[in-house]
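Visitor: Input: one structure, supplied below.
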Amino acid sequence: MLRLSAKPLLLKELFCQIHLSIQNNREINRLAGQTTLKLNKWRAYFRLMRIDTPIGILLLLWPTYWALWLANRGLPDLFILLVFTAGVFLMRAAGCVINDFADRKFDGYVARTKERPLPNGDVTEKEAKTLFFSLIIIAFILVLTLNKMAIWLSVIGLLLAWIYPFIKRFSHFPQIVLGSAFGWSIPMAYGAVSESLHLECWLLFLVNIIWSIVYDTQYAIVDRNDDIKIGVKSTAIIFAGFDKLIIGILQLAMVLVLFYIGQLLDLGGFYFVSLILVLGLFTYQQKLIANRQPTLCFKAFMNNNYVGLVLFIGILLNYF
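Converting from the sequence shown to this note's numbering requires adding 414 to each position, the first position being numbered 1.
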């Protein structure tokens, strides 16, 4: 009798354990599913901020470093250097978010951008706005650690970053606004370091605007056909068949202004050697865009990272 009564108890206990195991597996699967969703959402945020494509960060970082070293006539204060470096990362991310938000109704029709997080639904409009304002708030908190001049200048920088994505609807020269937004760290750097905006500050700012027109036109050639279809304006469209010539003229103008800055500040040989190397890089870019092949035009755009780096090394070595 004891053996007979023990079997139902063992079976009942076995079924209870199986049921509990199934429930535990369901809970594990539910938690794993939630974790996967959260990870996918964060990946979408990172793609929206272009964390996976650092070229944009570098194109902002190099002019910032040019300005910090020239304004201080050498290595700037470490805290200011860290604030500006972090600020570049934050403002570039914020700029990408607001740019994609402004272009959300157009990006789905462009081959290169149709899989971005907003047009494909990975990130909602509300989430994008929340992310943008979060980045701006963090960046502004950093700016508050600088002097009053830098703080006031940062307000103009924010306005430029906000205006750029929308100016493409009305003007064929959004790159001028882009260059102003990308280069506004230059007067901010001078304001933070020397509390004055010297002539070379505005000349360096002009250099950055010219450079932005150069590399963004190279970039825009890739999307030119799609942009014409959807009504987005750019220098690549307005320059038309003269795009290579105008890019070349602008590249030469940029080097000439940089040469004048070197004369104005009495910079040494390393700086002027860097200008020769920049001319070499620009010549290489002209070769890349010769046939307007999209992949090579994009390669020319990417090559501008080395332009910024070479010029920074020239400035850096000048003050050793």
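Think of the CB as a built atom: it goes at the ideal place given N, C-alpha and C, for glycine as much as any other residue.
With DSSP collapsed to three states, give me the class of E609.
Guide: coil
Visitor: Count the other CB atoms within 10 Å of the CB of F653; is the residue buried (16 or more) or exposed (fewer)?
Guide: Buried, since its Cβ has 16 or more Cβ neighbours within 10 Å.
Visitor: Go to M668, then tell me how far its alpha helix (DSSP H) extends in each direction, as first and last residue.
Guide: Where M668 is concerned, the enclosing alpha helix (DSSP H) stretches over D657 to L678.
Visitor: Just checking my contact of N561 with A606 at CB under 8 Å: how many whole Å lie between their CB atoms?
Guide: The pair is a contact, with the Cβ atoms about 6 Å apart (cut-off 8 Å).
Visitor: Under the rule that 16 or more other beta-carbon atoms within 10 Å means buried, what is E427, buried or exposed?
Guide: exposed
Visitor: If A575 sits next to M505, beta carbons under 8 Å apart, how far is it from one beta carbon to the other, in whole angstroms?
Guide: 6 Å
Visitor: State the start and end residues of the unbroken alpha helix (DSSP H) segment that holds W566.
Guide: K562 to I581
Visitor: What number of angstroms, rounded off, separates the C-alpha of R464 from the C-alpha of G470?
Guide: 8 Å
Visitor: Measure the alpha-carbon distance for W566 versus F493 and round it to whole angstroms.
Guide: 19 Å
Visitor: Compute the Euclidean distance between the alpha carbons of D630 and L659, then round it to the nearest angstrom.
Guide: 15 Å
Visitor: Can you find the residues in the same chain that come closer than 7 Å, C-beta to C-beta, to I623, ignoring five residues on each side of it along the sequence?
Guide: I590, G593, S594 and G597
Visitor: How many Å lie between I729 and A485 at the Cα?
Guide: 11 Å
Visitor: Looking at W483: is its Cβ nearer than 8 Å to the Cβ of L725?
Guide: no
Visitor: Please classify P468 as buried or exposed, where buried requires at least 16 other C-beta atoms within 10 Å of its C-beta.
Guide: It is exposed - the Cβ of P468 has fewer than 16 other Cβ atoms within 10 Å.
Visitor: Could you name the residues of the same chain whose beta carbon sits closer than 6 Å to that of V557, not counting the 5 residues immediately before and after it, in chain order?
Guide: Closer than 6 Å at Cβ, skipping near neighbours: I565 and S568.
Visitor: What's the gap between the Cα of F503 and the Cα of C430?
Guide: 55 Å
Visitor: Give the single residue among A500, G694 and L679 whose Cα lies nearest to the Cα of I666.
Guide: It should be noted that the sequence gives Leu, not Ile, for residue 666. Here the closest residue by C-alpha is G694.
Visitor: Going straight from the alpha carbon of N719 to that of Y633, what length do you get?
Guide: 13 Å
Visitor: Taking DSSP as the reference, what is the three-state secondary structure of W598?
Guide: coil
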